[in-house]
Amino acid sequence: EDIPSLAETYIDYFPIGAAIEPFQTTGLISDLLKKHVNWLVAENVMKPDALQPSEGNFTWENADRIVEFAKANDMELRFHTLVWHSQVSDWFFIDLDGKPMIDETDPEKREANKQLLLERLDNHVRTIVERYKDDIISWDVVNEVIEPGTPDGMRESEWYQITGTDFIETAFRAAREAGGPDIKLYINDYGTDNPVKRDRLYELVKKMLDKGVPIDGVGHQTHIDIHGPSVSSIIESMKLFSELGLDNLVTELDMSLYSWNDRSDFGDDIPEEVLMKQAERYQELFEAFREHKDILSGVVFWGIADSHTWLHSFPVNRTNAPLLFDHQLHAKPAFWAVVDPS
Ligand code: XIL
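Residues are numbered in UniProt numbering as their position in the sequence shown, beginning at 1, plus a constant of 91.
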């Protein structure tokens, strides 16, 4: 198919990326990636449970496959993610007596557990950053730590319940020390357009920067849908963080055909008008991205074609089509809206 390259079309604006699994480094999908993107990120194989399933046992094979594919094709790789409350193995949070750390009530033991967890985290971060620092510039250090509904805006994960916000500080400092001044360190989250969540994130980042914690930028996941949120709210959030001197990245872009809380399913026949609506919204979004390229330094999709997307199983099993290429890897109306907006 003789169509323009997405990444080449955007060469004067910002890099375009995609999240991939190791199996996508061969076959037709790999050709599509080579043609259209110049950045990659691992969809799963660089998460905590994938890289350190049990203490001291680091498993690099799958991650290395993606590193090699990126190198062989002159693509830049992002790292996702050093810390997360999900896809992290339980051993991190088990104390030396084999008990869950969160159940500990004795203050002295709680303090010892906290130190142990921070040590484990420090080691996790340093080991990984040392291995990949020459291959990877852009790093998601912590993922999804904000929860607007809690008293202080922090997600009450095990990390948080055991260490407060110290885990965030430890992760960023360890990454900087191990990786040096040139790697770029991001705090990544979804729903950063929501003013309440955005302001909680802003408060946290501001507090961390004031303490000298080395945060370079905010990763905006941007899992949106054809109904919302507004493009202007997405841009507003980027402006706010850029005023703090921070970089912005769109790290996990996709556009579901359904609102998150809607449980409907188009099945095998997605109405044409839904795909047109998606194209319109992608067009509006990328127009705004181009206009604000000075505060946005990359756009990464969470996948490349509708044949493989997490939205086939989240939040429920159903047909979805959130990306620019369809199940047969053909360009959708959304693709044309992004490369040829006229
Ligand atoms: C998702 C992957 O795409 C799925 O394959 C996996 O089962 C669950 O995680 N926010 C993130 C990503 O930061 O890591 C998630 O990726 C999607 C939501």
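For glycine and all other residues, C-beta sits at the position ideal for the given N, C-alpha and C.
These numbers were taken from a predicted model, which means no experiment stands behind them.
Beta-bridge partners of residue i, as assigned by DSSP
i, result
"Leu-131", "Ala-109, Leu-168"
"Ser-328", "Ser-328 is not bridged to any residue."
"Phe-416", "Ala-396, Ala-422"
"Asn-148", "Ser-145"
"Val-174", "Val-233"
"Gly-118", "The partner list for Gly-118 (beta bridge, DSSP) is empty, contrary to what the question assumes."
Cα-Cα separation, residue i to residue j
i, j, result
"Asp-188", "Ser-248", "21 Å"
"Asp-431", "Ser-96", "11 Å"
"Asn-129", "Pro-305", "26 Å"
"Leu-415", "Ala-110", "13 Å"
"Lys-368", "Gly-319", "12 Å"
"Ala-161", "Asp-225", "13 Å"
"Trp-328", "Val-429", "This sequence places Ser at residue 328; Trp is not what is there. Roughly 22 Å between the two C-alpha positions."
"Arg-217", "Gln-419", "41 Å"
"Asn-285", "Lys-297", "18 Å"
Closer than 7 Å: residue i CB and nearest the ligand XIL heavy atom
i, result
"residue 437", "Nothing can be reported for residue 437: it is not among the residues displayed for the chain, which extend from 92 to 433."
"Asn-135", "yes"
"Tyr-349", "no"
"Tyr-281", "yes"
"Asn-153", "no"
"Asn-411", "no"
"Gln-312", "yes"
"Trp-250", "no"
"Asn-408", "no"
"His-171", "yes"
"Asn-234", "yes"
Contacting residues, own chain, Cβ-Cβ under 6 Å from residue i (five flanking each side not counted)
i, result
"Val-341", "His-311, Thr-313, Val-390"
"Ser-180", "Asp-140, Pro-144"
"Pro-106", "Asn-129, Trp-130, Gly-389"
"Glu-112", "Glu-134"
"Trp-393", "Ala-110, Glu-343, Asp-345"
Own chain partners of residue i with C-beta closer than 8 Å, once the 5 adjacent residues on each side are dropped
i, result
"Asp-257", "Lys-205, Leu-209"
"Gln-115", "Ser-121, Leu-124, Ile-395, His-399"
Any non-hydrogen atom of the ligand ATP closer than 7 Å to residue i Cβ
i, result
"Asn-285", "The ligand ATP is not part of this structure, which contains only the ligand XIL."
Checklist entry - Unbroken beta strand (DSSP E) runs of length 3 or more, entirely within the region 337-414: which are they? => result 338-347, 390-392
Item to check | Segments of 3+ residues assigned as beta strand (DSSP E) that fall wholly inside the region 183-252 | outcome: 227-234
Item to check | Start-end ranges of the beta strand (DSSP E) lying completely within the region 239-317, minimum 3 residues | outcome: 275-280, 308-311, 314-316
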